[in-house]
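Undergrad: Take a look at this one; I'll ask things after.
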Amino acid sequence: MRYLSTRGHADRKRFCEILLEGLAPDGGLYLPETYPQITADNLTHLRQVWQTKGYAALAFEVLSLYIDDIPSNDLQALCQKTYTEAAFGTPEIVPLKSLKTNAAPGAQVSLEALSNGPTLAFKDMAMQLLGNLFEYELARRNAELNIFGATSGDTGSAAEYAMRGKKGVRVFMTSPQGRMSPFQQAQMFSLLDENIHNIAIEGVFDDCQDIVKAVSNDLDFKRKYKIGTVNSINWARLLAQVVYYFAGYFQATQDNSQKVSFSVPSGNFGNVCAGHVARMMGLPIDQLVVATNENDVLDEFFRTGVYRVRGTADTHETSSPSMDISKASNFERFVFDLLQRDAVRTKDLFYDQLNQKGQFDLGHDPLFATAKTKFGFISGKSTHADRLKTIQEVFADNHIMIDTHTADGLKVAVPLAKPGIHMLVLETALPIKFAATLVEALGREPDRPAKFEGIEALPKRVQVMPKSVDAVKKYIAQHCD
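The sequence shown begins at 641 in this note's numbering and counts up one residue at a time.
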């Protein structure tokens, strides 16, 4: 298995090379040269693996299709080490919860619970594996890695909890100053481990992400300080997320003739891009529903073909803050496939046109229609009022609390659910992470796991910085030399 850049760089690399690299040398994102195809017999085999051996064994089977430079026994051990009931609180790892909703008669809607890991967010599903992969590969190379990332809320804590104490790894995580929930900030900033560095940028998430990309594109700096990334621009992170689409499908269906749809709260497009990869492999997915909040860049694209990034002043601060993003970094992977893998055109759109105009328009391109007809994408938008109403309805009808992002996914999903095709809404976080909105909706605090009691009052360590690439580089250099 070899990997290529969406912008056409000549290199073809293996998995463990791109695991430690992040962006391609030309600023593009890595994808496999071809997606492995799942036949009917393969799907039957994977269903049996899921039913008899569980999530870790399913993860090994799916990952093995993309990773051929880690010995099978080692990869299997890494999966078994990662996906345990002790770590995720349930033997299914990603159980389904059926919901009563006002969907069309005969339509079934369920939550796929992805938030039972150490930091109570779906990012743990990939990040826990990534931490073990990094430690394994660095030990093989007798090397070190400085992870540099950006978070709008959940990636940061998931990465830091996964990497704390790992040999040969430091984490430098940027986040938008004051734009995460108090719980999210406390999860990150209360970690005092020597290998964990939190940097609060005076700006929005997109500013943090731009700094990460600028540093990644400085190849001399990147090589000197051994910079890698855990954001979903890292293919390994996205690949790990593909597994739970298979696990959801097998739980929601009785046989391979059935299809399912997935609704995914979307900001950076990484989570739903993993669904795109699963669908390209042949998993029987009907629709991939992209659910946005008031920062509706992705919804605008799937409705009109216009991809228009917003500036800092136009990026709304919302009650689903992990989606307060206007530059969806993973979106380039899908557009590359949409354009029939035309790297020259992809580079023109994401490098030239976005830099010069802040937008591009595919609305009149015949290929745009295939986003829905061939690739199964459909989208919708949710607002704060929608969020409150959805949280209230789910609690009244099901006695279940959901977080604000999951509420966005559910609000968009319910009207699109079809009879006979199970709609799975990806639950992206537990409600305690966004307690203020839950109190506003329900008049009560959500349940808090005992290990997080009093977390907001713990000592914190964070460095506040302007949105300056040079300032961040200087900080990294000072703590690596």
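Heads up, the beta-carbon is just placed ideally off N, CA and C, and yes, glycines get one too.
Considering just the uninterrupted stretch of the alpha helix (DSSP H) at L659, what are its terminal residues?
TA: Here the question's residue 659 lines up with position 19 in the sequence shown. First-last of the alpha helix (DSSP H) with L659: 655–659.
Undergrad: Please report the residue range of the alpha helix (DSSP H) in which M765 lies.
TA: If you number the sequence shown from 1, residue 765 lands on position 125. Start and end: 764–781.
Undergrad: Take the Cβ of T692 as the centre, count every other Cβ of all protein chains shown within 10 Å, and call the residue buried at 16 or more, exposed below.
TA: Here residue 692 refers to the residue found at position 52 of the sequence shown. Exposed.
Undergrad: Determine whether the beta carbon atoms of V1065 and L751 lie at a separation below 9 Å.
TA: Taking the sequence shown and counting its residues from 1, the one referred to as residue 1065 is at position 425. Taking the sequence shown and counting its residues from 1, the one referred to as residue 751 is at position 111. Against a cut-off of 9 Å, the Cβ pair of L751 and V1065 comes out as a contact.
Undergrad: Who are N682's beta bridge partners in DSSP?
TA: The count along the sequence shown starts at 1 and reaches residue 682 at position 42. In the DSSP output, where bridge partners are listed per residue, N682 has none listed.
Undergrad: Using only CA atoms, which one of P711, T1046, V912, N871 lies nearest to R780?
TA: The residue given as residue 780 occupies position 140 in the sequence shown. Of the listed residues, the one whose Cα sits closest to R780 is P711.
Undergrad: Can you find the residues in the same chain that come closer than 8 Å, C-beta to C-beta, to K807, ignoring five residues on each side of it along the sequence?
TA: Taking the first residue of the sequence shown as 1, we reach residue 807 at position 167. E775, L778, A779, listed in sequence order.
Undergrad: Measure the beta-carbon distance from E957 to D964 and round it to whole angstroms, keeping in mind my assumption that it falls under 8 Å.
TA: Counted from its first residue, the sequence shown places residue 957 at position 317. Counted from its first residue, the sequence shown places residue 964 at position 324. Confirmed, Cβ separation roughly 6 Å.
Undergrad: By DSSP, does N911 sit in helix, in strand, or in coil?
TA: Looking up residue 911 in the sequence shown gives position 271. If DSSP states are grouped into helix, strand and coil, N911 belongs with the helices.
Undergrad: Which same chain residues, not among the five before or five after T869, have their C-beta less than 7 Å away from its C-beta?
TA: Within the sequence shown, the letter at position 229 stands for residue 869. For T869, where only same-chain residues beyond five positions count, the Cβ hits under 7 Å are G662, I787, F788, G789, V852, S856.
Undergrad: Could you say which of T952, V937, T674 lies nearest to G945 if we only look at CA atoms?
TA: Start at 1 with the first residue of the sequence shown, and residue 945 comes out as number 305. Nearest of T952, V937, T674 to G945, Cα basis: V937.
Undergrad: Please confirm if E752 has its CB atom under 9 Å from at least one CB of chain C.
TA: In the displayed structure, chain C is absent; only one protein chain is listed.
Undergrad: Does the stretch 838–845 come into contact with the stretch 805–821, if we say contact requires no fewer than three beta-carbon pairs (one atom in each stretch) closer than 8 Å?
TA: Judged by Cβ distances under 8 Å, the stretch 838–845 makes contact with the stretch 805–821, as three or more pairs qualify.
Undergrad: Report the rounded CA-to-CA distance for T986 versus L979, giving the unit in angstroms.
TA: By 1-based counting over the sequence shown, the position of residue 986 is 346. By 1-based counting over the sequence shown, the position of residue 979 is 339. Straight-line Cα distance between these residues: approximately 8 Å.
Undergrad: Tell me whether R652 is buried or exposed, calling it buried when 16 or more other Cβ atoms sit within 10 Å of its Cβ.
TA: Taking the sequence shown and counting its residues from 1, the one referred to as residue 652 is at position 12. By the 10 Å Cβ count, R652 comes out exposed.
Undergrad: Could you check if Q825 is buried or exposed, using at least 16 other CB atoms within 10 Å of its CB as the buried criterion?
TA: Translated into positions along the sequence shown, residue 825 becomes position 185. Buried, since its Cβ has 16 or more Cβ neighbours within 10 Å.
Undergrad: Using a Cβ-Cβ cutoff of less than 7 Å, which residues in the same chain neighbour F684 once the five nearest sequence positions on both sides are dropped?
TA: Residue numbering aside, residue 684 sits at position 44 when the sequence shown is read from its first letter. What sits at residue 684 in the sequence shown is Thr, not Phe. Result list for T684: N896, in chain order.
Undergrad: Have a look at M641 and F700 and give me their C-alpha separation to the nearest angstrom.
TA: Locating residue 641 in the sequence shown gives position 1, counting from the first residue. Locating residue 700 in the sequence shown gives position 60, counting from the first residue. If I take the Cα positions, the gap works out to 16 Å.
Undergrad: Mind checking P1099: buried by the 16 CB within 10 Å criterion, or exposed?
TA: Numbered from its first residue, the sequence shown carries residue 1099 at position 459. It counts as exposed.
Undergrad: Buried or exposed, going by whether 16 or more other CB atoms sit within 10 Å of the CB of V900?
TA: Within the sequence shown, residue 900 is the residue found at index 260, counting from 1. Residue environment for V900: buried (at least 16 other C-beta atoms within 10 angstroms of its C-beta).
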